[in-house]
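Q:
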Amino acid sequence: MVGWGSGVGLVVIVAGLTFATRAHELPLRPFVASAAKIASGQLWVVPASALIVDRPVLIGLAAFGVLAVTTLRVCGARTFWLAAAMGHVGSTFLVYGIIGSTRLADPHMFTRAVVTPDFGVSAMQGAWVGALTATAWSRAGTDHRHRALVAAGVCALAESGGYFTPTPRSSRQSTYSRSSSAAASCRGGGSLLREQRQAVAWFDSAGTQPSTPERGTASALQAD
Numbered sequence: 007m008v009g010w011g012s013g014v015g016l017v018v019i020v021a022g023l024t025f026a027t028r029a030h031e032l033p034l035r036p037f038v039a040s041a042a043k044i045a046s047g048q049l050w051v052v053p054a055s056a057l058i059v060d061r062p063v064l065i066g067l068a069a070f071g072v073l074a075v076t077t078l079r080v081c082g083a084r085t086f087w088l089a090a091a092m093g094h095v096g097s098t099f100l101v102y103g104i105i106g107s108t109r110l111a112d113p114h115m116f117t118r119a120v121v122t123p124d125f126g127v128s129a130m131q132g133a134w135v136g137a138l139t140a141t142a143w144s145r146a147g148t149d150h151r152h153r154a155l156v157a158a159g160v161c162a163l164a165e166s167g168g169y170f171t172p173t174p175r176s177s178r179q180s181t182y183s184r185s186s187s188a189a190a191s192c193r194g195g196g197s198l199l200r201e202q203r204q205a206v207a208w209f210d211s212a213g214t215q216p217s218t219p220e221r222g223t224a225s226a227l228q229a230d
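Numbering (my numbering), first residue to last: 7 to 230.
1) To the nearest angstrom, report how far apart F99 and A29 are at their CA atoms.
2) Report all residues from its chain with a CB closer than 7 angstroms to the CB of T24; omit the five preceding and five following residues, and keep chain order.
3) I need the straight-line Cα distance from V14 to D112, nearest angstrom please.
4) Contact between the stretch 109-129 and the stretch 40-49 is defined here as three or more beta-carbon pairs at a separation below 8 angstroms; is this criterion met?
5) Using the rule of at least 16 other Cβ atoms within 10 Å of the residue's Cβ for burial, across every protein chain shown, is A154 buried or exposed?
6) Look at the Cβ atom of A133, then the Cβ atom of G93, and state whether they are nearer than 9 angstroms.
7) Name the DSSP beta bridge partners of D112, please?
8) Identify which residue in S55, T117, A162 has its Cα closest to the Cα of P36.
9) Would A137 and T77 be called neighbours here (beta carbons separated by less than 9 angstroms)?
10) Could you tell me the distance, in whole angstroms, from the CA atom of F116 to the CA atom of C81?
11) Whose C-alpha, out of W50, L88, H114, V18, is nearest the C-alpha of A129?
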């Protein structure tokens, strides 16, 4: 019950802060991360940047709420929070690490990406989709019909996500499957990780990957 409460609480907080910033009741700046801020030691912007939904606001909030509740119900609170944390924090430091290490070799690289505003929930959403996929795939067992339904469902989600997303896919979101795989494996052992890899093979053969409404972040390490 505590897990459910904390998950629903996250949705309520994100919705409240999103509406408050869009109505200019709160400044957006404290919730915006960037590689430059992280490099200067402002690590608190990493969790703060996951508390605001990027445009389109209503569609983004609806998708966030539905995915959050579904993940809580299907995967449980532990996987919900593991996927959220690893999807957001892990992808943040991975992308910023790439930027920083590249600039050590060439200070003129990614000059714009260093200060690109970065906020939103799509990395968490992507990780939740991956966790749901792994769990549903595992529960389907050897039933090819059920596994086909799982693959079809994720493909449909990918198409709908692309339709409602006005901006290109973010570079950071490409890490979501690794994060969700790790979270799922923590929940159910290495078998769930193997199951998701099999599911990913189905998506690859269909020529698509799951996606969710985007973050206000760099696309291919450039601003949206």
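Beta carbons are placed, not taken as given, at the ideal position from N, Cα and C, and that holds for glycine. Computed from a prediction, not measured in an experiment: that's the story for all the values here.
A: Inspection of the coordinates gives the following:
1) Numbered from 1 along the sequence shown, position 93 holds the residue referred to as residue 99. Numbered from 1 along the sequence shown, position 23 holds the residue referred to as residue 29. Distance between the alpha carbons of F99 and A29: 30 angstroms.
2) Here residue 24 corresponds to residue number 18 of the sequence shown, with the count starting at 1. Closer than 7 angstroms at the Cβ level, and outside the excluded window around T24, lie I58, V59, V63, L67.
3) Taking the sequence shown and counting its residues from 1, one reaches residue 14 at position 8. Taking the sequence shown and counting its residues from 1, one reaches residue 112 at position 106. For V14 and D112, the distance between alpha carbons rounds to 44 angstroms.
4) yes
5) Position 148 of the sequence shown holds residue 154. Its Cβ having fewer than 16 others within 10 Å, A154 is exposed.
6) Taking the first residue of the sequence shown as 1, we reach residue 133 at position 127. Taking the first residue of the sequence shown as 1, we reach residue 93 at position 87. Yes, they are a contact pair.
7) As a position in the sequence shown, residue 112 is number 106, starting the count at 1. Its beta-bridge partners do not exist; DSSP assigns none.
8) For the purposes of this step, residue 36 is taken as the residue at position 30 of the sequence shown. Here the closest residue by C-alpha is S55.
9) To locate residue 137, count along the sequence shown from 1; it is residue 131. To locate residue 77, count along the sequence shown from 1; it is residue 71. Against a cut-off of 9 angstroms, the Cβ pair of T77 and A137 comes out as a contact.
10) Here residue 116 refers to the residue found at position 110 of the sequence shown. Here residue 81 refers to the residue found at position 75 of the sequence shown. Cα to Cα, the separation comes out at about 38 angstroms.
11) For this step, residue 129 is matched to residue 123 along the sequence shown. Residue L88 is the option with its Cα nearest to A129.
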